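Student:
Protein chains: 2
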Amino acid sequence: MRMETAEPLKSRTRNDTRARLVHVGTEILSEKGFTSTGLEEILEKAEVPKGSFYHYFGSKAKFGFAVIDNYEYLWAQKLTRLLRDPAVPPLERIDNYISEGVRGLEKYAFRRGCLIGNMGQEMAALDEEFRFRILKVFASWADYLGDCLAEAKQRADLPADFDVGEAARFFWFAWEGAVLQAKLERSVAPIERFRRVMFKYVLTGA
Amino acid sequence: MRMETAEPLKSRTRNDTRARLVHVGTEILSEKGFTSTGLEEILEKAEVPKGSFYHYFGSKAKFGFAVIDNYEYLWAQKLTRLLRDPAVPPLERIDNYISEGVRGLEKYAFRRGCLIGNMGQEMAALDEEFRFRILKVFASWADYLGDCLAEAKQRADLPADFDVGEAARFFWFAWEGAVLQAKLERSVAPIERFRRVMFKYVLTGA
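In order, the protein sequence lines correspond to chains A and B.
Last residue of the first sequence? That's 208 in our numbering, and every number before it is there in order.
Last residue of the second sequence? That's 208 in our numbering, and every number before it is there in order.
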């Protein structure tokens with residue numbers, strides 16, 4: 003019995019410690035970015051000793067990549083849930099995504115922004131490898147949104163000459179700019195402005 | 003004679019040292035932001051001893067405000083020159099502003115972005131006073147652009163129901179997002195995408 007439970011327990015503990023570090027890292031990096039986050043802060047919040055951290059990750063940079071992997075995975079779920087929902091018309095799905103973003107900003111009192119956006123801004127201080135990794139995440143988001151816009155175009159909710167790829171990329175960097183401005187103003191006003199301008203001028207059949 | 007020249011020379015040196023620190027700070031903070039820039043790096047590049055720095059600024063935060071003052075002043079000149087040029091139609095002035103931004107990004111090999119955007123992203127790590135100061139700079143930029151858009155509307159280059167204030171604010175945060183993405187991609191493609199989408203969908207008479 004003891005041997006049978008020991009291994010699963012041990013491996014559960016190992017996975018828990020690693021997962022807790024990644025979870026805490028995702029939270030803190032969404033607020034402060036990578037460079038200005040000290041390792042001590044992560045260890046303290048996760049209640050994990052430094053030795054454990056290095057056992058799982060080897061370096062702060064490798065930890066950063068694990069946090070990006072986790073964030074990408076969480077966002078892939080969120081974008082799948084919101085932007086691929088066949089029961090909702092495609093442009094309404096995008097509106098729902100924006101509404102969920104508004105709620106997220108309010109929930110965390112405008113402290114948390116986009117982890118990928120935060121790290122993207124730190125490029126001067128980060129490794130080239132981070133740059134490629136972050137571009138890959140942005141490209142995958144443009145794909146999710148592009149698919150949704152292509153559906154809208156197919157339904158004639160967008161004009162026949164609408165450039166889906168161009169609009170999807172534009173959407174994301176304007177979104178990142180809006181999130182930053184919302185954090186700065188501590189108000190959802192920039193996100194609501196983003197929503198109004200996007201739907202009035204860009205994502206419109208007129 | 004000696005007494006007459008001594009004072010001006012001394013004061014010229016004093017102003018030069020302070021100005022050099024602010025100039026170097028503006029360059030470095032446009033690349034790396036405030037938090038991840040060490041004082042040593044600024045002192046070394048400006049070739050100024052630490053004592054001098056504290057003599058002029060007292061603290062890194064006060065230096066940060068002096069750099070923002072300088073950046074705001076430089077941008078007020080740039081926006082006046084480009085967005086108030088009576089010889090150029092208002093929407094073309096905005097196009098010119100974007101072109102100058104493209105040249106600036108290329109000139110500094112995509113290392114330098116917007117100092118105000120950079121510092122805006124660091125809010126989690128910075129003082130409340132910085133937040134208000136940065137919002138004030140953004141508000142002044144929205145005013146410059148809003149005036150230009152109002153002129154375009156008056157000439158019927160924009161529709162009669164065009165919301166100038168809303169579009170001006172949207173323009174700036176989408177611009178900040180585009181600059182960040184350009185730095186990340188090391189390409190002007192995001193800026194050109196910004197330009198195309200803005201002029202095709204938002205800044206258009208249709």
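Even glycine gets a Cβ: it sits at the ideal position worked out from N, Cα and C.
Values in this document were obtained by computation on a predicted structure and should not be read as measured data.
So A/F196 packs on A/R135, CB below 8 Å; how close in whole Å?
Tutor: About 26 Å; that fails the 8 Å criterion.
Student: To test your reading of the DSSP string, which unbroken alpha helix (DSSP H) runs of 4 or more residues are found completely within the segment 135-208 of chain B?
Tutor: 166-187 and 191-199
Student: Could you tell me whether the Cβ of A/V166 comes closer than 8 Å to any Cβ of chain B?
Tutor: no
Student: Since B/F36 and B/L128 should fall inside the 8 Å C-beta cutoff, what is the C-beta to C-beta distance between them, to a whole number of angstroms?
Tutor: Confirmed, Cβ separation roughly 7 Å.
Student: Among the candidates B/Q79, B/G207 and B/E124, whose CA atom is the shortest distance from the CA of B/S142?
Tutor: B/Q79
Student: Could you tell me the alpha carbon to alpha carbon distance between B/K155 and B/R86, rounded to whole angstroms?
Tutor: Just so you know, the alpha carbons of B/K155 and B/R86 end up roughly 15 Å apart.
Student: Only counting runs of 4 or more residues, tell me where the alpha helix (DSSP H) segments fall wholly within the segment 32-94 of chain A, in order along the chain.
Tutor: 41-48, 52-59 and 62-85
Student: Distance check for B/V199 and B/C116, CA to CA, integer angstroms please.
Tutor: Roughly 21 Å separates the two Cα atoms.
Student: Is there at least one Cβ from chain A nearer than 8 Å to B/E178's Cβ?
Tutor: Closer than 8 Å to some Cβ of chain A, the Cβ of B/E178 qualifies, so yes.
Student: Give the DSSP-derived three-state secondary structure of A/R114 in the structure shown.
Tutor: In the structure shown, the three-state DSSP call for A/R114 is coil.
Student: Since A/A170 and A/L151 are thought to touch, with beta carbons under 8 Å apart, how far apart are those beta carbons, to the nearest angstrom?
Tutor: With 8 Å as the limit, A/A170 and A/L151 qualify as a contact, their Cβ atoms being about 6 Å apart.
Student: Under 8 Å, Cβ to Cβ, is there at least one residue of chain A near B/P161?
Tutor: no
Student: Considering only C-alpha positions, which residue in the set A/V190, A/A176, A/F65 and A/R157 is nearest to A/Y110?
Tutor: A/V190
Student: Straight-line CA distance for B/D145 to B/D97?
Tutor: 17 Å
Student: Could you tell me the alpha carbon to alpha carbon distance between A/Y58 and A/G40, rounded to whole angstroms?
Tutor: 17 Å
Student: Under 9 Å between beta-carbons, which chain B residues line up against A/N17? List them in chain order, please.
Tutor: By Cβ distance, chain B contributes nothing, its closest Cβ being about 29 Å from A/N17, past 9 Å.
Student: Taking buried to mean at least 16 other C-beta atoms within 10 Å of its own C-beta, is B/R157 buried or exposed?
Tutor: With fewer than 16 other Cβ atoms within 10 Å, it is exposed.
Student: Any chance the CB of B/G53 is under 7 Å from a heavy atom of the ligand NAP?
Tutor: Ligands in the displayed structure: none, and consequently the ligand NAP is not present.
Student: For a contact defined as C-beta to C-beta under 7 Å, what are the partners of B/R195 on chain A?
Tutor: By Cβ distance, chain A contributes E168, R171 and F172.
Student: Looking at the structure shown, is A/D18 part of a helix, part of a strand, or coil, going by DSSP?
Tutor: helix
Student: If you check the beta carbons only, do B/L205 and B/L76 fall under 8 Å apart?
Tutor: no
Student: List the residues of chain B that A/P192 touches, going by C-beta distances under 9 Å, in chain order.
Tutor: R171, F172 and F175
Student: Once the 5 residues before and after A/R22 are set aside, which same chain residues still bring their CB inside 7 Å of it?
Tutor: A48 and V50.
Student: Quick one, are the C-beta atoms of A/E72 and A/V139 less than 8 Å apart?
Tutor: The amino acid occupying residue 72 of chain A in the given sequence is Asn; Glu does not appear at that position. Not closer than 8 Å, so no.
Student: Suppose contacts are defined by Cβ-Cβ distances below 8 Å. Is A/P175 in contact with B/Q183 by that definition?
Tutor: First, the amino acid is wrong: residue 175 of chain A is Phe here, not Pro. Yes, Cβ-Cβ distance for A/F175 and B/Q183 is below 8 Å.
Student: Give the secondary structure of B/E131 by DSSP, where H, G and I count as helix, E and B as strand, and everything else as coil.
Tutor: DSSP places B/E131 in the helix class (H, G or I) of the three-state scheme.
Student: What is the rounded straight-line gap between the Cα of B/E102 and the Cα of A/F65?
Tutor: The alpha-carbon atoms of B/E102 and A/F65 are separated by roughly 39 Å.
Student: Going by DSSP in three states, B/E102 sits in which element: helix, strand or coil?
Tutor: helix
Student: Can you grab the Cα-Cα spacing for the pair B/L107 / A/G53, in whole Å?
Tutor: 43 Å
Student: Just the C-alpha distance for A/V90 and A/E74, rounded to the nearest angstrom, thanks.
Tutor: 24 Å
Student: Along chain A, which residues have their Cβ under 7 Å away from the Cβ of B/E187?
Tutor: L137
Student: I need the DSSP call for A/F108, collapsed to helix, strand or coil.
Tutor: At residue 108 of chain A the sequence reads Glu, which differs from the Phe that was named. Looking at A/E108 - three-state DSSP - the assignment turns out to be helix.
Student: Reducing DSSP to helix, strand and coil, say where B/E29 ends up.
Tutor: The three-state reading of DSSP puts B/E29 in helix, counting H, G and I together.
Student: So if I threshold CB-CB distances at 8 Å, which residues from the segment 27-48 of chain B count as touching chain A?
Tutor: E33, K34, G35, T37 and S38
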